[in-house]
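In my numbering, the protein residues as written are 119 to 366. Notes follow once the structure below has been shown.
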Amino acid sequence: MSDRKNYNSIVFLTTLSVYLGLVLVGSTPVLAQAALTRNFDIKNEIVVEDDLDKNPDDKEKIDFTGSLEKYFDDVESFFNNLQKLHKIEKFDLDYDNFEVNELGFVPCNVDGDPIRTSHSDSKIDNRWLEPAIVNAIWDFREWIFLSDCLKHEKYKNGISTSVDFKLIYDKSELKIEVSGFKSSPQRAEQLAAKFNQASKIYKVDEEKSIVKKIHETTSFNSENNQIFIVTRLPRASIDSLLADKDAR
119 MSDRKNYNSI VFLTTLSVYL GLVLVGSTPV LAQAALTRNF DIKNEIVVED
169 DLDKNPDDKE KIDFTGSLEK YFDDVESFFN NLQKLHKIEK FDLDYDNFEV
219 NELGFVPCNV DGDPIRTSHS DSKIDNRWLE PAIVNAIWDF REWIFLSDCL
269 KHEKYKNGIS TSVDFKLIYD KSELKIEVSG FKSSPQRAEQ LAAKFNQASK
319 IYKVDEEKSI VKKIHETTSF NSENNQIFIV TRLPRASIDS LLADKDAR
């Protein structure tokens with residue numbers, strides 16, 4: 119519970135900084151409030167259990183419907199901020215590009231509020247994009263729940279949960295990738311299968327064209343002991359969505 123309070127405080131401060139940053143470009147930002155206001159419905163909860171290990175402590179309880187809604191909201195929020203910058207000619211689809219890769223760790227089995235650490239590798243040539251990208255990074259840090267407690271080669275202080283977040287625009291597509299590390303390939307495969315199952319029955323608001331397109335272009339896969347959630351919005355879709363928003 120203390121970890122959640124600490125996280126909410128950090129998100130509030132970061133959201134405030136992003137708000138001020140986007141206000142400077144003359145637009146009203148879409149703030150990352152989903153993490154603070156999301157109410158999960160217990161009836162949507164699905165239990166993922168490793169069939170190879172019936173230890174009752176080795177279970178994950180994930181609200182897949184709520185998690186998918188949170189993911190789509192986060193991607194939509196980032197896209198909306200890009201659209202605002204594009205509208206005031208601070209984001210050029212033919213000129214700008216960026217690549218962000220952040221690997222974050224939260225230590226396991228520690229007393230008090232764990233301190234999050236991260237390794238970042240970013241290339242952002244257009245500084246107008248930084249507030250929107252920072253906002254997205256903080257939104258997707260909550261996906262740490264995808265991972266098991268493991269020892270990672272880049273984390274030197276014991277075991278941790280970790281999430282790898284990539285955000286890439288190369289003029290041809292916008293790619294968003296979130297991945298978590300599991301204790302075995304089987305667990306990663308099972309979790310990806312559950313997300314795929316939930317995605318197939320997920321009800322998309324037909325009036326929200328951006329969410330519909332995000333849903334269509336998002337995949338859930340596993341490789342070795344990692345689960346990957348990947349959205350790839352091609353340039354044609356981005357142009358169409360921006361034109362639709364401008365028309366509105």
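Backbone N, C-alpha and C define an ideal beta-carbon position, used for all residues, glycine too. Here the structure is a predicted model, which means the values were calculated and not measured.
Within 9 Å, strictly: CB atoms of residue i and residue j
i	j	result
Phe-346	Ser-297	yes
Lys-321	Leu-359	no
Tyr-198	Ile-328	In the sequence on display, residue 198 carries Asn and not Tyr. Yes, the Cβ-Cβ distance between Asn-198 and Ile-328 is below 9 Å.
Lys-300	Ser-340	yes
Phe-216	Thr-336	no
Backbone CA spacing between residue i and residue j [nearest angstrom]
i	j	result
Phe-263	Pro-225	12 Å
Ile-356	Asp-239	25 Å
Glu-220	Ala-311	25 Å
Phe-258	Lys-289	23 Å
His-270	Ser-280	8 Å
Glu-325	Glu-260	27 Å
Ile-294	Val-228	31 Å
Asn-244	Asp-192	21 Å
Asn-253	Phe-196	8 Å
Leu-292	Asp-323	22 Å
Trp-256	Pro-249	11 Å
Asp-266	Asn-343	10 Å
Leu-186	Leu-309	13 Å
Ile-319	His-333	11 Å
Lys-188	Glu-194	10 Å
Asn-275	Gly-222	13 Å
Val-348	Val-218	14 Å
Asp-100	Gln-315	With the chain covering only 119 through 366, there is no way to say anything about residue 100.
Gly-184	Ala-354	29 Å
Leu-351	Arg-234	30 Å
Gln-304	Lys-202	42 Å
Asp-214	Phe-283	20 Å
Ile-251	Leu-200	9 Å
Ile-277	Ala-306	18 Å
Leu-247	Phe-338	27 Å
His-204	Ile-242	16 Å
Ser-317	Tyr-273	32 Å
Phe-313	Asp-212	34 Å
Reduced DSSP secondary structure (H/G/I, E/B, other) of residue i
i	result
Leu-360	helix
Asn-219	strand
Asp-191	helix
Asn-339	strand
Leu-351	strand
Leu-203	helix
Ser-185	helix
Phe-197	helix
Ile-255	helix
Leu-211	coil
Ile-233	coil
Ser-145	The pLDDT assigned to Ser-145 is 45, lower than 50, so where the model puts this residue is not dependable; a value taken from the coordinates is nonetheless given after this. Of the three classes helix, strand and coil, the one that applies to Ser-145 here is coil, per DSSP.
Asn-162	Legend: pLDDT at Asn-162 = 39, less than 50; position of this residue unreliable, value from coordinates given subsequently. Here Asn-162 sits in helix by DSSP.
Near the ligand PLP: residue i beta-carbon under 8 Å from a heavy atom
i	result
Ile-277	In the structure on display, the ligand PLP does not appear, and there are no ligands present to speak of.
Original post:
Curious, which full-length beta strand (DSSP E) runs of at least 3 residues does the region 274-347 contain?
Top reply: Correct list: 277-287, 291-299, 336-341.
**OP:** Report yes or no: do three or more beta-carbon pairs, one from the region 205-213 and one from the region 179-187, lie closer than 8 Å?
**Re:** no
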